[in-house]
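Here the structure comes first, spelled out in structure tokens, and everything after it is commentary.
Residue numbers (this note's numbering): -4 to 487.
Here is the structure:
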């Protein structure tokens, strides 16, 4: 008999879990709180501008290829990908701005010009990073991480012993490069993992392989096209998605889940996958005795950053920006301290600007630009209109200093999004944007489990469980939990 599964949330993890379960023979219903699916990857349209509200970097393309192949689909039949060249631009100052070429050869040549000998050092660094990436993607991230025993076999242990994995990423980078700008360039990808480089395991240099060797890509139309493709495949596989129907409780009976209660009533199922915020699900949708983790446990977690976002329509083109531009004209460590060590609004923030209209004219009216500005900030800060106005002024002034253009008179669309909306729209714990930080003590089986310890039939997926933060890990999380459910049901 076909089992019934309910998935809470339609972000990357939830949609991946739902579609995988449907392909495996389950009858699947998704309940989504918001008016459109996608979770953090929703889309906002205004006056001819299209803004990706969340993720904008498309890295690790083979993860998406592997995902759609589960359902006999090809990425090229669902949306068009282009590789960006330059991958991104880095602004260190008015007269020090680097376009980072697509591919190792170009990046190596850039490094060699800056620091003689660093081109060969980059090759050694990336060769090891490729080994870690191959090991991680082949042996680590597609496991449920319910026990360390999953990793105790020669293929994993031998690979780990051949590389630097347990020291900090910072020390690993510093052993290869001396110029502070090159070091910063090699450290920045872990910002997507939600941890400072000095507290991130050297294992995650694998992200440099993803960045430089595998490349930065863009789905024409924006990341919303990926969500649309996932939803279309889900529905073709038989998944039913209910938007604007938030879950208010997970139903249980004698230690087993029986379904959920939503704004439309009670819905019954054999299994429930909670792909909404893990903390919210445990603390607000379950009775106290059914929770695997206490409030004290959550208070001691190291959260990845929240984000202060601005969606800006500009009534002119903006020379000096690339599709992705990183403003690193301020010290990384000072900003990192304001996120992790002394949580506060940053004194002098680094920030990132996406200008998809540089690649994709369909995202803005002719002759105009759609800018998304992101400032990483500490989770849980007091988020007020005055603070948002202040930092918009900071960003526009810094862009004026570094690019020589005052964009204030050219703002024709403007919206901000931060901790308050992350909390109300996504039930995000402390308004986080990236889930739990990937520190050594929050890696693998040390993260909140995919499977409830207290309620049979209740599972989890997303950024607060394994494998971790980011779009590809969320996509993987949904597949892993679906495979775990089907395996356990077949062997029960």
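Yeah, the Cβ is synthetic: ideal placement off N, Cα and C, and Gly gets one too.
Since we're looking at a predicted model, the values are computed, not measured.
Residue 104, buried or exposed, once every other Cβ within 10 Å from all chains shown has been counted against 16:
Along the chain shown, read from residue 1 onward, the residue named residue 104 stands at position 109. Exposed, by the Cβ-count rule.
For residue 401 and residue 267, I'd like the C-alpha separation in whole angstroms.
Counting from one through the chain shown, the residue named residue 401 turns up at place 406. Counting from one through the chain shown, the residue named residue 267 turns up at place 272. So the alpha carbons of these two residues sit roughly 51 angstroms apart.
Cβ of residue 207 within 8 angstroms of Cβ of residue 138?
In the chain shown, counting from the first residue as 1, residue 207 sits at position 212. In the chain shown, counting from the first residue as 1, residue 138 sits at position 143. Not closer than 8 angstroms, so no.
Tell me the DSSP bridge mates of residue 431?
Here residue 431 refers to the residue found at position 436 of the chain shown. BP columns for residue 431 point to 298.
Among 317, 397, 135 and 156, which one has its Cα closest to the Cα of residue 82?
Taking the first residue of the chain shown as position 1, residue 82 is located at position 87. Comparing Cα-Cα distances from residue 82 to each of 317, 397, 135 and 156, the minimum goes to 317.
Go to residue 415, then tell me how far its alpha helix (DSSP H) extends in each direction, as first and last residue.
As a position in the chain shown, residue 415 is number 420, starting the count at 1. Unbroken alpha helix (DSSP H) run through residue 415: 414 to 421.
Going by beta-carbon coordinates alone, are residue 182 and residue 327 separated by less than 8 angstroms?
Start at 1 with the first residue of the chain shown, and residue 182 comes out as number 187. Start at 1 with the first residue of the chain shown, and residue 327 comes out as number 332. Contact flag set, yes.
May I ask you to report which of helix, strand or coil DSSP gives residue 353?
Against the chain shown, residue 353 aligns to sequence position 358. Residue state, collapsed to three classes: helix.
Please name the residue, chosen from 125, 84 and 10, that lies closest to residue 66 on a Cα-to-Cα basis.
Counted from its first residue, the chain shown places residue 66 at position 71. Out of 125, 84 and 10, 10 has the C-alpha closest to the C-alpha of residue 66.
In chain order, what residues of the same chain have a beta carbon less than 6 angstroms from the beta carbon of residue 157, not counting five sequence neighbours either side?
Position 162 of the chain shown holds residue 157. Closer than 6 angstroms at the Cβ level, and outside the excluded window around residue 157, lies no residue.
Rounded to whole angstroms, what's the CA-CA distance from residue 398 to residue 434? Just pull it up for me.
Working through the chain shown from its first residue, we reach residue 398 at position 403. Working through the chain shown from its first residue, we reach residue 434 at position 439. So the alpha carbons of these two residues sit roughly 36 angstroms apart.
Where residue 398 sits in the DSSP three-state scheme:
As a first step, residue 398 is located in the chain shown; it is residue number 403 there, counting from the start. Helix at residue 398.
For residue 15, the nearest candidate out of 73, 150 and 481 (CA to CA)
Taking the chain shown and counting its residues from 1, one reaches residue 15 at position 20. It is 481 whose Cα lies nearest to the Cα of residue 15.
Alpha-carbon spacing of residue 198 relative to residue 407, whole angstroms
Taking the first residue of the chain shown as 1, we reach residue 198 at position 203. Taking the first residue of the chain shown as 1, we reach residue 407 at position 412. In a straight line, the C-alpha of residue 198 is about 44 angstroms away from that of residue 407.
Can you tell me the Cα-Cα spacing of residue 342 and residue 388, whole angstroms?
As a first step, residue 342 is located in the chain shown; it is residue number 347 there, counting from the start. As a first step, residue 388 is located in the chain shown; it is residue number 393 there, counting from the start. Going from the Cα of residue 342 to the Cα of residue 388 covers about 13 angstroms.
Distance between beta carbons of residue 177 and residue 110, contact taken as under 8 angstroms:
Along the chain shown, one-based indexing puts residue 110 at 115. Along the chain shown, one-based indexing puts residue 177 at 182. About 6 angstroms; that satisfies the 8 angstroms criterion.
Give every residue of the same chain whose Cβ lies closer than 6 angstroms to the Cβ of residue 225, excluding the five residues on either side of it in the sequence, and list them in chain order.
For the purposes of this step, residue 225 is taken as the residue at position 230 of the chain shown. Within the same chain, residue 225 has close Cβ partners 10.
In three-state DSSP terms, what is residue 303?
Reading the chain shown from its first residue, position 308 is the one you call residue 303. Reduced to three states, the DSSP call for residue 303 is strand.
Distance between beta carbons of residue 120 and residue 173, contact taken as under 8 angstroms:
Residue 173 sits at position 178 when you count from the first residue of the chain shown. Residue 120 sits at position 125 when you count from the first residue of the chain shown. 13 angstroms between Cβ atoms; not a contact.
On the CB-based measure, 16 or more other CB atoms within 10 Å of its CB, does residue 385 come out buried or exposed?
Looking up residue 385 in the chain shown gives position 390. With fewer than 16 other Cβ atoms within 10 Å, it is exposed.
State the DSSP-derived secondary structure class of residue 53, mapped to helix, strand or coil.
Position 58 of the chain shown, counting from 1, holds the residue named residue 53. Of the three classes helix, strand and coil, the one that applies to residue 53 here is strand, per DSSP.
Residue interval of the alpha helix (DSSP H) (run including residue 106)
Walking along the chain shown from the start, residue 106 turns up at place 111. Counting along the chain, the alpha helix (DSSP H) containing residue 106 begins and ends at 99 to 109.
Grouping DSSP H, G and I as helix and E and B as strand, with all else coil, what is residue 60?
As a first step, residue 60 is located in the chain shown; it is residue number 65 there, counting from the start. Looking at residue 60 - three-state DSSP - the assignment turns out to be helix.
Suppose you measure from the CA of residue 377 to the CA of residue 44; what does that come to, to the nearest Å?
Locating residue 377 in the chain shown gives position 382, where the first residue counts as 1. Locating residue 44 in the chain shown gives position 49, where the first residue counts as 1. Going by the C-alpha atoms only, they are around 30 angstroms apart.
To the nearest angstrom, how far is it from the Cα of residue 55 to the Cα of residue 210?
Residue 55 sits at position 60 when you count from the first residue of the chain shown. Residue 210 sits at position 215 when you count from the first residue of the chain shown. C-alpha separation (whole angstroms): 8 angstroms.
So what does DSSP say about residue 143, is it helix, strand or coil?
In the chain shown, counting from the first residue as 1, residue 143 sits at position 148. It is helical.
Does the structure place the region 339 to 359 close enough to the region 32 to 39 that three or more beta carbon pairs sit under 8 angstroms?
no
Assign residue 296 to buried or exposed, taking buried as 16 or more other Cβ atoms, counted over all protein chains shown, within 10 Å of its Cβ.
By 1-based counting over the chain shown, the position of residue 296 is 301. Counting Cβ neighbours within 10 Å, residue 296 comes out buried, since at least 16 surround it.
Can you grab the Cα-Cα spacing for the pair residue 3 / residue 238, in whole Å?
For the purposes of this step, residue 3 is taken as the residue at position 8 of the chain shown. For the purposes of this step, residue 238 is taken as the residue at position 243 of the chain shown. When rounded, the distance between both Cα atoms is 11 angstroms.
Do residue 190 and residue 432 have their C-beta atoms within less than 8 angstroms of each other?
The sequence position of residue 190 within the chain shown is 195, counting from 1. The sequence position of residue 432 within the chain shown is 437, counting from 1. In this structure, residue 432 lies closer than 8 angstroms to residue 190 by Cβ.
Using C-beta distances below 7 angstroms, list every residue in its chain close to residue 250, excluding the 5 sequence neighbours before and after it, in chain order.
If you number the chain shown from 1, residue 250 lands on position 255. Result list for residue 250: 450 and 451, in chain order.
Three or more C-beta pairs closer than 8 angstroms, one from the region 466 to 475 and one from the region 306 to 313: is that the case here?
no
Can you tell which of 23, 20 and 47 has its C-alpha closest to the C-alpha of residue 412?
To locate residue 412, count along the chain shown from 1; it is residue 417. Per the Cα distances, 47.
What are the residues that DSSP puts in a beta bridge with residue 268?
In the chain shown, residue 268 corresponds to position 273, counting from 1. In the DSSP output, where bridge partners are listed per residue, residue 268 has 2 and 454.
Alpha helix (DSSP H) segment containing residue 489, residue limits:
Nothing in the structure corresponds to residue 489, since the chain is present only between -4 and 487.
Between which two residues does the beta strand (DSSP E) containing residue 262 stretch?
Numbered from its first residue, the chain shown carries residue 262 at position 267. Residue 262 -> beta strand (DSSP E) spans 260 to 263.
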